[in-house]
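So the sequence shown is numbered by the working numbering: it starts at 7 and just counts up by one.
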Amino acid sequence: MATSLFLGSSAAWAVSGGGLDYANLDITGQDFSNGNYKGKDFTQVIAKGTTFANSNIQGCRFYKAYLVNANFESTDARGASFEDTSMENANLRNINAAGSYFGQSLIDVKTMENGDFTEAQIPVKTLKLVCEREDVKGTNPVTGVDTRESLMCLD
């Protein structure tokens, strides 16, 4: 009977799809560009200098990830979660981050130029600082949305 219970637990784990994807891995400097990682878990990943350029990371979770110098240029990050991340010098140029969640480290990114942040969740105090940035400008080349308007920055 103990064997039966053990097998039942394993089967439940497999059915749930509860894999950790890239969670807790060190993927520093790796190239994830031009890929489809939709819905993958990057929780607590160390991704210093890693590139996700031109990739689909819709709905990905980057909770407490170390994304210093990471490249998200022209990435489809709709609905992604960047909660409690370190994003110093991360490149968010041309990103489509509509409906995504960001923490206060958004103010530390290298650039947000031409980004679409429509309905993104950003802490109020952080948003005020983001709107003061000189690089919060332009129009997203894919969605046609103005960056400042997508952030609801008052001019």
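In this text, a Cβ means the ideal position worked out from N, Cα and C, and glycines have one as well.
For residue 108, which beta-bridge partners are listed by DSSP?
Its beta-bridge partners are 88.
With 16 other CB atoms within 10 Å as the buried threshold, where does residue 142 fall?
Classification of residue 142: buried, given that the 10 Å Cβ count is 16 or more.
How should residue 37 be labelled, buried or exposed, when 16 other C-beta atoms within 10 angstroms of its C-beta is the threshold for buried?
Exposed.
Tell me, to the nearest whole angstrom, how far the beta carbon of residue 124 is from that of residue 104; I am working on the premise that it is less than 8 Å.
Indeed they touch by this definition, with Cβ atoms about 4 Å apart.
Would you grab the beta carbon distance between residue 80 and residue 95 for me? Rounded to a whole angstrom, and I think it's under 8 Å.
Not quite, the Cβ-Cβ distance comes to about 17 Å (not below 8 Å), so this is no contact.
Is the beta carbon of residue 95 within less than 7 Å of some heavy atom of the ligand ADP?
Inclusion of the ligand ADP in the displayed structure is not the case, the ligand content being empty and no account of it being possible.
Rounding to the nearest angstrom, what Cα-Cα distance links residue 117 and residue 28 in this structure?
Approximately 25 Å, taken between the alpha carbons.
Excluding the 5 residues preceding and the 5 following residue 146 in the sequence, name in chain order all residues of the same chain whose CB lies nearer than 6 Å to its CB.
Correct list, in chain order: 120, 122.
For residue 108 versus residue 78, is the C-beta distance shorter than 8 Å?
Going by C-beta atoms, residue 108 is not nearer than 8 Å to residue 78.
Please classify residue 32: does DSSP put it in a helix, a strand, or coil?
DSSP places residue 32 in strand when its eight states are reduced to three.
Give a yes or no on whether the C-beta atoms belonging to residue 63 and residue 82 are separated by under 8 Å.
Contact flag set, yes.
Any idea if residue 93 is buried or exposed, counting beta-carbon neighbours within 10 angstroms, 16 or more meaning buried?
Per the 10 Å Cβ criterion, buried.
In its own chain, which residues sit with a C-beta less than 7 Å from the C-beta of residue 159, not counting the 5 before and 5 after it?
These residues qualify, in order along the chain: 137, 142.
If you measure between the beta carbons of residue 76 and residue 106, is that distance less than 8 Å?
No, the Cβ-Cβ distance between residue 76 and residue 106 is not below 8 Å.
What residues match up with residue 47 in a beta bridge as DSSP calls it?
BP columns for residue 47 point to 67.
Run through the DSSP bridge pairs and tell me what residue 149 is partnered with.
Looking at the DSSP assignment, residue 149 forms no beta bridge with any residue, so it has no partner.
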